[in-house]
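Numbering (the numbering used here), first residue to last: 4 to 242. Each residue gets a CB set at the ideal place from its N, CA and C atoms; glycine is no exception. In what follows, a structure is listed as structure tokens, so that the remarks can point back to it.
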């Protein structure tokens, strides 16, 4: 995906703002970036949009408890062996045996919808997303590289009610391990608006943070777009 040429004056201003507001020497990622199962990354990505993240954490914990699975792996850098992962098709089977309302009540214990207008239960949306992935033979984290350039899958994902903006799609890839993407949600955009004193679009946010990361890495080796995104999100949440 191409985002055009960044305004390098704005990138310099953004870098200065980052250095004054973020702890760039200590760019860590929380446990959700170490999910042990693809289903949990997908649940998080769909449920987290527009609600408090503590609510999303409870939803993932409810599913992990229902399945008797440990939600996190120990190694941030490596995916678990497929033999240690829940196949995504096992998750999809729940959609064959449970109606969306049952999924929301009995398994996720959450009735949030993808949108307040014409939205569907997020329990239904995440099942639709899983069905799209398994239809393209995605079962484990290791299957993701083969679909990374398949725009048809992204289009199908974003056709799910409430997913048009693509935030869940981007965040799913970040949770699965992609380091070069960001999720340009309201926290990130507000931060960039403050840094540059203008309204920033989601497309601009991606290339601004990616370009800033490239320039910062000589001094801060862990300054990837994904880690900067989390640091920004955490800063905005606290302020």
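Query raised in the report: Taking three-plus beta-carbon pairs below 8 Å as touching, is the stretch 64-83 in contact with the stretch 121-132?
Result: Verdict: no, contact absent.
Query raised in the report: Are residue 88 and residue 143 close, meaning C-beta to C-beta below 9 Å?
Result: Counting from one through the chain shown, the residue named residue 88 turns up at place 85. Counting from one through the chain shown, the residue named residue 143 turns up at place 140. Taking C-beta atoms as the reference points, residue 88 and residue 143 count as a pair closer than 9 Å.
Query raised in the report: On the three-state DSSP scale, how would you describe residue 147?
Result: As a position in the chain shown, residue 147 is number 144, starting the count at 1. Look at residue 147 here: in three-state DSSP terms it is helix.
Report task. Please say whether residue 39 and residue 83 have beta carbons closer to each other than 9 Å? Result -> By 1-based counting over the chain shown, the position of residue 83 is 80. By 1-based counting over the chain shown, the position of residue 39 is 36. Yes. Within cutoff.
Query raised in the report: Is it true that the CB of residue 195 sits closer than 9 Å to the CB of residue 17?
Result: Here residue 17 is taken as the residue at index 14 of the chain shown, counted from 1. Here residue 195 is taken as the residue at index 192 of the chain shown, counted from 1. In terms of Cβ geometry, residue 17 and residue 195 form a close pair [threshold 9 Å].
Query raised in the report: Where residue 159 and residue 199 are concerned, what is the direct C-alpha to C-alpha distance, given to the nearest angstrom?
Result: If you number the chain shown from 1, residue 159 lands on position 156. If you number the chain shown from 1, residue 199 lands on position 196. So the alpha carbons of these two residues sit roughly 34 Å apart.
Query raised in the report: Which residue's Cα is closest to the Cα of residue 29: 236, 231, 241?
Result: Here residue 29 refers to the residue found at position 26 when the chain shown is read from its first residue. That would be 231, whose Cα lies nearest to the Cα of residue 29.
Query raised in the report: In its own chain, which residues sit with a C-beta less than 6 Å from the C-beta of residue 95, not counting the 5 before and 5 after it?
Result: Working through the chain shown from its first residue, we reach residue 95 at position 92. So the list reads 133, 134, 137, once near-sequence residues are dropped.
Requested in this report: Report the three-state DSSP secondary structure of residue 223 (helix, strand or coil).
Outcome: Position 220 of the chain shown, counted from the first residue, corresponds to residue 223. Residue 223 falls in the coil class under three-state DSSP.
Query raised in the report: In chain order, what residues of the same chain have a beta carbon less than 7 Å from the beta carbon of residue 176, not counting five sequence neighbours either side?
Result: Position 173 of the chain shown, counting from 1, holds the residue named residue 176. Excluding residues within five positions, the ones whose Cβ falls inside 7 Å are 184.
Requested in this report: Give me the Cβ distance between residue 239 and residue 193, rounded to the nearest whole Å; I'm assuming they're in contact under 8 Å.
Outcome: For the purposes of this step, residue 239 is taken as the residue at position 236 of the chain shown. For the purposes of this step, residue 193 is taken as the residue at position 190 of the chain shown. That pair is a contact at about 6 Å.
Query raised in the report: If you drop the 5 nearest sequence neighbours on each side, which residues of the same chain put their C-beta closer than 7 Å to that of residue 107?
Result: Sequence index remark: in the chain shown, residue 107 carries index 104 (1-based). The answer, listed in chain order, is 113, 114, 124, 126.
Query raised in the report: Is residue 184 helix, strand or coil when you go by DSSP?
Result: Start at 1 with the first residue of the chain shown, and residue 184 comes out as number 181. Assignment of residue 184 by DSSP, reduced to helix, strand and coil, places it in the coil class.
Requested in this report: Would you be able to state if there are at least three C-beta pairs under 8 Å between the stretch 217-235 and the stretch 22-37?
Outcome: Yes, the stretch 22-37 touches the stretch 217-235.
Report task. From the DSSP output, in three-state form, read off residue 201 for me. Result -> For this step, residue 201 is matched to residue 198 along the chain shown. Under the three-state reduction of DSSP, residue 201 is assigned to coil, being neither helix nor strand.
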